[in-house]
Amino acid sequence: MIEYENVLTTCPYCGTGCALHLQVLDQKLVGVLPAKNHVISEGGLCIKGWNVHAFVNHPDRLKKPLIRKNGKLEEATWDEALKLVADKLGEIKAQSGPDSIAFLSSAKCTNEENYLLQKFARAVIGTNNIDHCARL
Amino acid sequence: MTDRLTSLREAIEAVLPNVDGVLALRIGPGGISASHLFSKEHPEDLAKLALWPKEPVPDTLKIILRAHPDAKLAIVCRGCEERGIVEMFKHAQLNLDNVTLIGLQCEQAEAEFCRCAKPFTVHSKTTVGQSIKGVPDPVTEKIAAMSQPERLAFWKQEFEHCIKCYGCRTICPQCFCNVCTLEDEKWVETGRLPMANPSMYHLIRAMHMTAKCVACRECEETCPADIPLAVQFRLMARDVKELFNYEAGAVMDQKPPQLLVLEEGDYERSGLPH
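Residue numbers (our numbering), protein chains in the order written: chain A, -11 to 124; chain B, -11 to 262.
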């Protein structure tokens, strides 16, 4: 049996919120189509939106945290990676103060994730140095 | 008289037992419609059958047939989509023996939205809806009436707005080369907007669409910069008609003028691997 379906979703690349259909053939992601009667994108997409399907199963996609050991990136567990980041942030804050640290968030995250990052920056670390990738 | 949606549903139900699937439109979440492969295993899907807005269904048909070359499929197609399927057949993109066409005739408002000269099917044996006459295309006529320098200035200005999303190329059911010249840095520069020479992208595409464009207007509809892309193809289609007496998708056994059939033998491929 052939299974073909268009799955409606929102483009993950920026904050505009364009709608797109992921073309799924036999359970595999094969392409993208814009959503014509969607109120935001009105059937248009930019070049990133048109290629959203390409990164999902890309061999270069990061699936596990990597830690640089002896100049080489090595796979690590989440616990190990998060502990390293927490230790280093604590160390830098103790040595040079909270304003020596800056946080860059992403338009690819949800509102809630971005809210959490600025809360972490302001309430936990104690700095207002927070910005996002759309200004890079 | 039964309405078009009911008639279409009946036509699909009639063909469904004999095929692996019927490609048509379905209403999805939030009233957003998309193409869908209706199957006899899930006849309940037909409750969500939709007619409009039209989608580039011939392109989806091609995607499915590339993965399943022997599949027997039916497709609901409007006049433009039917012409697209015929051109794809002529360019060896699909085997029409395995495809059943269900022709959907456009209504006046739909034809006017597309400024369509041929809002009806001519090849489909099963048809749904009343066939209507073509409507005028005032946008094309306005640009056609311009002087040559005016036209050049007009297109230059329009192409400046291009954000190079490649949407017109990607959505086009007639763009099926495995390697695309427009992705070759020799011709189309990457990483800068507006492009140093925006006409390069658009005129290469225009040339490649000669005698292939079936005036479905999918490119124009998806363009985020609102470039009237269908106009350039419609004007080129007039030249093709005048020079070669060829209309894309109109006559099943008429060979497209740009298709060259070589005698049998070994040939060395040169240039881009098209």
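Ideal Cβ positions, reconstructed from N, Cα and C, are used throughout, including at glycine.
Here the structure is a predicted model, which means the values were calculated and not measured.
Residue environment, residue i, which counts as buried when at least 16 other CB atoms sit within 10 Å
i, result
"B/V239", "exposed"
"B/C165", "exposed"
"B/D47", "buried"
"B/E32", "exposed"
"A/E68", "exposed"
"A/S29", "buried"
"A/C88", "As written in the sequence, residue 88 of chain A is Ser, which differs from the Cys given in the question. By the 10 Å Cβ count, A/S88 comes out exposed."
"B/V167", "exposed"
"B/Y154", "buried"
"B/E206", "buried"
"B/V228", "buried"
"B/D125", "buried"
"A/S84", "exposed"
"B/H24", "buried"
"A/H46", "exposed"
"B/E29", "exposed"
Close Cβ partners of residue i (< 7 Å) along its chain, the five nearest in sequence each way excluded
i, result
"B/V127", "R103, P216 and V219"
"A/Q11", "N(-6), V18, G19, V20 and L21"
"A/V49", "Correcting the residue type first, residue 49 of chain A is Arg in the shown sequence and not Val. Cβ within range, chain order: F43."
"B/D214", "none"
Cutoff 9 Å: residue i Cβ touching any chain D Cβ
i, result
"A/Q11", "The structure shown contains no chain D; the protein chains it does contain are A and B."
Residue i versus residue j - alpha carbon distance
i, j, result
"B/G117", "B/D(-9)", "8 Å"
"B/L(-4)", "B/H149", "40 Å"
"B/F147", "B/R193", "12 Å"
"A/C34", "B/E171", "16 Å"
"A/G114", "A/P86", "6 Å"
"B/W40", "B/L13", "8 Å"
"A/A64", "A/N102", "25 Å"
"B/R54", "B/A80", "11 Å"
"B/E69", "B/L61", "15 Å"
"B/E251", "B/L82", "22 Å"
"B/E177", "B/N185", "8 Å"
"B/L11", "B/H111", "17 Å"
"B/K106", "A/L(-4)", "31 Å"
"B/G259", "B/T169", "In this prediction, B/G259 scores a pLDDT of 49, lower than 50, which makes its location untrustworthy; the coordinate-derived value is nonetheless stated afterwards. When rounded, the distance between both Cα atoms is 11 Å."
"B/G18", "B/F221", "34 Å"
"B/L247", "A/K52", "50 Å"
"B/A141", "B/A236", "28 Å"
"B/R180", "B/K152", "9 Å"
"B/E95", "B/Y255", "49 Å"
"A/G78", "A/N39", "39 Å"
Contact under 9 Å by Cβ, residue i with residue j
i, j, result
"A/N117", "A/A109", "yes"
"B/K78", "B/P212", "no"
"B/L49", "B/E1", "no"
"B/V45", "B/V74", "no"
"A/L54", "B/I51", "no"
"B/P161", "B/G72", "yes"
"B/D58", "B/S27", "no"
"B/K42", "B/C163", "no"
"B/L(-7)", "B/L37", "yes"
Residues near residue i by beta carbon distance below 8 Å, same chain, minus five either side
i, result
"A/G31", "P22, A23, K24 and N25"
"B/Q242", "Y234"
"A/A95", "Y1, C2, G3, H120, C121 and A122"
"B/L223", "T128, I131 and A132"
"B/M134", "F142"
Sequence-distant residues of its chain with Cβ nearer than 6 Å to residue i (five each side left out)
i, result
"A/G37", "C(-1), C6 and L8"
"B/T114", "A(-1) and I90"
"B/E209", "none"
"B/F278", "For residue 278 of chain B there is no data in the structure shown, the boundaries of chain B being -11 and 262."
"B/L84", "F77"
"A/S93", "N102, L105 and H120"
Beta bridge counterpart(s) of residue i as assigned by DSSP
i, result
"A/F91", "A/I118"
"A/V12", "A/E(-7) and A/L17"
"B/C65", "B/G91"
"A/E62", "A/I55"
"B/V10", "B/F26 and B/A62"
"B/S21", "B/I15"
"B/T115", "B/G91"
"B/A38", "B/L13"
"B/K(-1)", "It should be noted that the sequence gives Ala, not Lys, for residue -1 of chain B. DSSP, once it has assigned bridges, lists no residue as partnering B/A(-1)."
"A/P22", "A/L8"
"B/T169", "For B/T169, which the question treats as bridged, DSSP gives no partner whatsoever."
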